[in-house]
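> Take this structure first; my questions come after.
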């Protein structure tokens, strides 16, 4: 009788489980997810200029494409939207975009931070989900 009561109580009580997403699903929202650039540092110098702040960065899971959509504010008159291949390691520690390998410092539902060493200088890119 006691065992039946405990089973009934546990079966009827709401049990909330946190769902653990795979790194690729954080990046792509399961299919497609758009981000905005919130940080761009090169050699510890802030390089996030106004013409980058309205750009959109979309990761598509199905075809492993990364789209960079230039916003209204262009850095150069010849700026055009671009599409690159990307690959995120299974453990989410590295992200390859157009053959450049970035170390992933942070990847969660709302934030992405990646870094790379280019020409001897550390470059850090921070993204937030587009609201």
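In my numbering, the protein residues as written are 1090 to 1220. Think of the CB as a built atom: it goes at the ideal place given N, C-alpha and C, for glycine as much as any other residue. Note that this is a predicted model, so its numbers are computed, not measured.
If the criterion is Cβ atoms closer than 8 Å, does the pair residue 1130 and residue 1217 meet it?
no
> Looking at the unbroken beta strand (DSSP E) that takes in residue 1189, where does it start and where does it end?
1189-1196
> Identify whether residue 1135 lies in helix, strand or coil by the three-state DSSP scheme.
strand
> Is DSSP giving residue 1110 helix, strand or coil here?
coil
> Just verifying my parser: in three-state terms, what is the DSSP assignment at residue 1219?
coil
> Give me the Cα-Cα distance between residue 1157 and residue 1115, rounded to the nearest whole angstrom.
18 Å
> Does DSSP put residue 1166 in a helix, in a strand, or in coil?
coil
> Kindly identify the DSSP beta-bridge partner or partners of residue 1200.
1217
> Can you tell me where the beta strand (DSSP E) holding residue 1179 begins and where it ends?
Counting along the chain, residue 1179 falls outside any beta strand (DSSP E), and DSSP gives it neither H nor E.
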